[in-house]
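Novice: Here's a structure for you.
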Amino acid sequence: MKVDSLGHVVLKVTDLARSEEFYSGVLGMPVCARFDE
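Position in the sequence shown counted from 1, then plus 191, gives you the numbering used here.
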């Protein structure tokens, strides 16, 4: 299935580095922005 676009996504995770590696490295979703609390 090809995703044409994805709007706003918020994920609360316990391991940010591991989650980022999965979503960007495995699924190919680029990190467009990151906001620190």
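Beta carbons: idealized from backbone N, C-alpha and C, even for Gly.
Just to confirm the assignment, what range does the alpha helix (DSSP H) spanning L207 have?
Specialist: Here residue 207 is taken as the residue at index 16 of the sequence shown, counted from 1. Counting along the chain, the alpha helix (DSSP H) containing L207 begins and ends at L207 to E211.
Novice: Near P221, which residues of its chain fall below 8 Å by C-beta distance, leaving aside the five closest residues on each side in sequence?
Specialist: Residue numbering aside, residue 221 sits at position 30 when the sequence shown is read from its first letter. Cβ within range, chain order: S215.
Novice: For A224, which option in V194, V201, D195 and V217 has the closest C-alpha, if you only look at C-alpha atoms?
Specialist: The residue labelled residue 224 in the question sits at position 33 within the sequence shown. Answer by Cα proximity: V201.
Novice: Thinking C-beta only, is S210 closer than 8 Å to V217?
Specialist: On the sequence shown, position 26 is the one that residue 217 refers to. On the sequence shown, position 19 is the one that residue 210 refers to. No.
Novice: Ordered along the chain, which non-local residues of its own chain (more than five positions away) have a Cβ less than 7 Å from that of F226?
Specialist: Here residue 226 refers to the residue found at position 35 when the sequence shown is read from its first residue. Cβ within range, chain order: n/a, list empty.
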